[in-house]
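Numbering (the numbering used here), first residue to last: 9 to 199.
The C-beta atom is built at its ideal place from N, Cα and C for all residues, glycine as well.
Since the model is a prediction, treat every value here as computed from it, not as a measurement.
These notes concern the structure reproduced below.
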């Protein structure tokens, strides 16, 4: 295994796709951290929760990938201090999107680079997402089309989710869960 290969502690298809668009040698590996441990900690702010989860995901693979840089990622969807979890069911996705309709929420993304159980650096980004006012029919049609059941915001921006918004503040990569163009500039000092 090449010593300069980045280990992505994620099985996310969109994150793998983003890394694949860069001149970066990487291997995607499912992390070993139980995310529910962090999500049940109600004392953490959404930004601190996102960072904690990203860091723990990265650290969970350090023993298996010694001397390699590991990237852990996490994204939290927040509306007025309420954190939206992955909906899992179409019914929950419809409820989540109905609640966000016509409002601005934040996608908080955190990224943790570790090597040999040491944190090299962490980064957190915030994207402001203003959703159009949607009818229940529009929401149901969208959920039927994209089936966003494993997305924290109950939408897949990279597919048809972008059509739900009137305004977005943040890079496309950050919205999709990995602003690697930005992060790679910092990463260069550790490779």
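Quick one: grab the DSSP three-state call for residue i.
i: residue 12; result: coil
i: residue 166; result: coil
i: residue 175; result: strand
i: residue 141; result: coil
i: residue 76; result: coil
i: residue 158; result: coil
Strictly by DSSP, which residues pair up with residue i?
i: residue 118; result: 82, 132
i: residue 87; result: 90
i: residue 36; result: 16
i: residue 126; result: 123
i: residue 108; result: According to DSSP, which records beta bridges pairwise, residue 108 is partnered with nothing at all.
i: residue 113; result: 137
Near residue i, which residues of its chain fall below 7 Å by C-beta distance, leaving aside the five closest residues on each side in sequence?
i: residue 129; result: 121, 194
i: residue 74; result: 124
i: residue 22; result: 166, 184, 185
Determine the direct distance from the alpha carbon of residue j to that of residue i, and round the result to whole angstroms.
i: residue 112; j: residue 183; result: 14 Å
i: residue 96; j: residue 157; result: 5 Å
i: residue 58; j: residue 179; result: 18 Å
i: residue 116; j: residue 172; result: 19 Å
Against chain C, with Cβ distances strictly below 7 Å, would residue i count as a contact?
i: residue 92; result: Considering every chain present, this structure includes no chain C. It has just one protein chain.
Spatial neighbours of residue i within its chain, please: CB distance less than 6 Å, with the 5 preceding and 5 following residues excluded, ordered by chain position.
i: residue 66; result: 17, 78, 80, 120, 122
Is residue i near the ligand FMN - that is, is its Cβ less than 6 Å away from at least one heavy atom of it?
i: residue 141; result: Among the components modelled here there is no ligand, and therefore nothing to report on the ligand FMN.
message: With three or more C-beta pairs closer than 8 Å as the rule, is the stretch 103-110 touching the stretch 77-84?
response: no
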